[in-house]
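In this note's numbering, the protein residues as written are 1 to 84. Here's the structure, in structure tokens; my notes come after.
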């Protein structure tokens, strides 16, 4: 019976949702007081499928990653898709 029945699971990240999450995260970073004057940013290369997170120091970098992860979760993108 196993030979007759089968199914495939395909998991892909929805690129428009990632773009929206990055835009929302960047908007929050620009608004936050603790990021005033910092060069923290998130870059998304759609062709390569990579996110680049930049921060002035370790603390700000962790904060940017936390903001990005929270926005991705709200948009329904799995955090397991990220590799560090």
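Yeah, the Cβ is synthetic: ideal placement off N, Cα and C, and Gly gets one too. Bear in mind that the values here come from a model prediction, so they are computed numbers and not experimental data.
Check: Can you tell which of 27, 17, 13 has its C-alpha closest to the C-alpha of residue 42?
Finding: 27
Note to self: Output needed for residue 20: all residues of its chain with C-beta closer than 7 Å, excluding positions within five of it in sequence on either side, in chain order.
What the structure shows: 75
Margin query: residue 25 and residue 60 - do their beta-carbons sit closer together than 8 Å?
Written below: no
Margin query: Could you tell me which whole beta strand (DSSP E) segments of length 3 or greater appear in the segment 13-46?
Written below: 41-45
Margin query: Suppose you measure from the CA of residue 50 to the CA of residue 80; what does that come to, to the nearest Å?
Written below: 14 Å
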